[in-house]
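Peer 1: Numbers given in the numbering used here equal positions in the sequence shown, counted from 1, plus 1211.
Ideal Cβ placement from N, Cα and C applies to all residues, glycine included.
Would you mind keeping the following structure in view while I ask a few things?
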Amino acid sequence: MARRFGPMLRVFFTNLPKRSEVLATMSGVGGQATSPSLDGIRGALPRARANARSVAALTQNPGCTRRRVIDSAGVPAHELAAKLGHPTLRGQSPFAIEGGNRFEDRLKERSGYGLLVEALEPYVELPMPPDLAVEDINHVGGKIGSKPWMDARVAKTDEVLAKIASGDSTAPHIVDHPVLRFELAGAEVNLEPDALAFRVGDRLELVEIKSYPIIDGQADPGKLSATAGQTAVYHMALRSTLERLGFDPDLLVWSVILVAPRNFGRQPVAHRVPLKKKSLSLSRVLAAVPKTAEVLAGLPADLTFDVDPSGTMDEATLRAALTKAVQQVGALFVPDCVTTCDMAAFCRAEAWAKDDPARLGRDARDNLAGVHTLADALRLAEDGPSAGEDELADVAEALGAARSAIARARSLVPTAGLTPVPAVNPAGGAA
């Protein structure tokens, strides 16, 4: 039976990291080592740690086998994309990262967490330093980055959260750098935010530090949505941790308190952001994600992205070998991938080269299921299905109707003197 909190207010504060990106460790269920297939895919490449952004991004395109394999094997996707000749199209500038680091440092270490406490005052009341007790989970001992060190941090986080949840008077007000462990698609995942846990009442709250400004009480909608999506990963992991420890997960409030610079200054301001819809959606999608073993089942046993372990290949040879290896794993590209995946530029060029309907977007991909190229779609629209294509009759009918509607619309619009603009192929040249 889940235990309820005592009469104290509890706040769990998470901050997406800048210096040490949220780390995650994927291993076999029950803490077993990753399968040989995953190790073979990664080879001697440095292991990349999945983070909150990659887990959240999985919900945007959960059917993409290529993304699942790269994340599960710990292949550094940004390095892989660069070697393929299609470097990532997204990322944060070094100046933005450094600015975020300075803002975070000012709120935390340089002010003894005092500025942070002041910013949160409209929503929660916390004791000011020196009455504020802080415990850093990083200081558990052991070799930094090793599995025993990570396991010790998970155990210490569990211990401290249990103290907080049970109302133990010896529990700290702030727990820095906790590690939250949960299961994703049959794999054990450790999320390591640069996080804090505040203890002051009868509930848990999520609080996130970001360096983009809140201007006149409003943050950039796109950045705010991304923050909510990433924080929902922590929300899900914390609910899972509470449940595993025997506490009621519903004690965690369905929102996040965002702490960011006020306007364009250096003073922090807090803003509450609803989180329930994002968190529940994330949980539903991740629950339906196929297990890693199922994803690997259809791949070649000798598949590896470490195609040049000796480092002797020239750039062109390496690119060709790596392209061949990567294309053995199917992708499910849509233009939205550009904002969430390091491999998007490569997959986009691949989609154009294949004349894949998915290059036009998610709706085109879904509505043209079974139609492999845009040339086939045009043929179906003009001539209808060929012999043996009876299953595409409905698609052909819809395409034909759309073609007729477009023709009628064009007949009503004067086009004299207008020059059509050719589509641009990201792989180079006109479409």
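1. Name the DSSP beta bridge partners of ARG1473, please?
2. Quick one: what's got a C-beta closer than 6 angstroms to GLY1251's C-beta in the same chain, skipping five residues either side?
3. I need the boundaries of the alpha helix (DSSP H) containing PRO1432, first residue and last residue.
4. Alpha carbon to alpha carbon, how far is TYR1423 from VAL1480?
5. Could you tell me which residues DSSP puts in a beta bridge with ILE1420?
6. For the alpha helix (DSSP H) containing ALA1258, name the first residue and the last one.
7. In angstroms, rounded to a whole number, what distance separates the CA positions of PRO1298 and LEU1395?
8. How about THR1442 and LEU1415: are their beta carbons less than 8 angstroms apart?
9. Just list the residues that DSSP pairs PRO1485 with in beta bridges.
10. Take the Cβ of ALA1620 as the centre, count every other Cβ of all protein chains shown within 10 Å, and call the residue buried at 16 or more, exposed below.
11. What is the rounded straight-line gap between the Cα of TYR1324 and the Cα of PRO1472?
12. Going by beta-carbon coordinates alone, are MET1447 and LEU1417 separated by less than 8 angstroms?
13. Throw me the rounded Cβ distance for the ARG1573 and ASP1547 pair, which I believe falls under 8 angstroms.
14. Closer than 8 angstroms by C-beta to GLY1363: which residues in its own chain qualify, once you throw out the five before and the five after it? Chain order, please.
15. To the nearest angstrom, report how far apart LEU1300 and ASP1587 are at their CA atoms.
16. If you compare alpha carbons, which of VAL1470, GLU1454, ARG1253, ARG1260 is closest to PHE1314?
17. Mind checking who ILE1385 pairs with in its DSSP beta bridge?
18. Taking contact to mean at least 3 C-beta pairs separated by less than 8 angstroms, is the stretch 1328 to 1335 in contact with the stretch 1369 to 1378?
19. Can you tell me whether DSSP reads PRO1511 as helix, strand or coil?
20. Do you know how far the Cα of TRP1563 is from the Cα of SER1521?
21. Under a three-way DSSP split, which group does LEU1579 fall into?
22. Would you check if the distance between the CB atom of ARG1559 and the CB atom of LYS1294 is smaller than 8 angstroms?
23. Take THR1534 as the anchor and find which of ALA1259, ALA1292, GLY1285, GLY1457 has the nearest alpha-carbon.
24. Assign ILE1617 to one of two classes, buried (16 or more other C-beta atoms within 10 Å of its C-beta) or exposed (fewer than that).
25. Considering just the uninterrupted stretch of the alpha helix (DSSP H) at ILE1355, what are its terminal residues?
26. Quick check on THR1528: buried or exposed, where buried means 16 or more other Cβ atoms within 10 Å of its Cβ?
27. Runs of 4 residues minimum, wholly inside the stretch 1511 to 1540: which ones carry the alpha helix (DSSP H) assignment?
Peer 2: Checking against the coordinates, here is how it stands:
1. ILE1425
2. The residues are THR1515.
3. Note, PRO1432: alpha helix (DSSP H), 1432 to 1455.
4. 11 angstroms
5. VAL1470
6. Checking the displayed sequence, the identity of residue 1258 turns out to be Arg instead of Ala. First-last for ARG1258: undefined, no H or E at that position.
7. Going by the C-alpha atoms only, they are around 28 angstroms apart.
8. no
9. DSSP lists SER1466 as the bridge partner or partners of PRO1485.
10. Exposed, because fewer than 16 other Cβ atoms sit within 10 Å of the Cβ of ALA1620.
11. 15 angstroms
12. For MET1447 and LEU1417, no; Cβs fall outside 8 angstroms.
13. Rounded, the Cβ-Cβ distance is 7 angstroms, consistent with contact.
14. It is worth fixing the name first, because residue 1363 is Ala in this sequence and not Gly. These residues qualify, in order along the chain: VAL1351, GLY1352, GLY1353.
15. 30 angstroms
16. VAL1470
17. VAL1345
18. The stretch 1328 to 1335, when compared against the stretch 1369 to 1378, does not touch it at the 8 angstroms Cβ threshold.
19. Reduced to three states, the DSSP call for PRO1511 is coil.
20. 33 angstroms
21. Under the three-state reduction of DSSP output, LEU1579 falls in the coil class, being neither helix nor strand.
22. no
23. ALA1292
24. exposed
25. Premise fails: ILE1355 is in no alpha helix (DSSP H) and is neither H nor E.
26. exposed
27. 1526 to 1537
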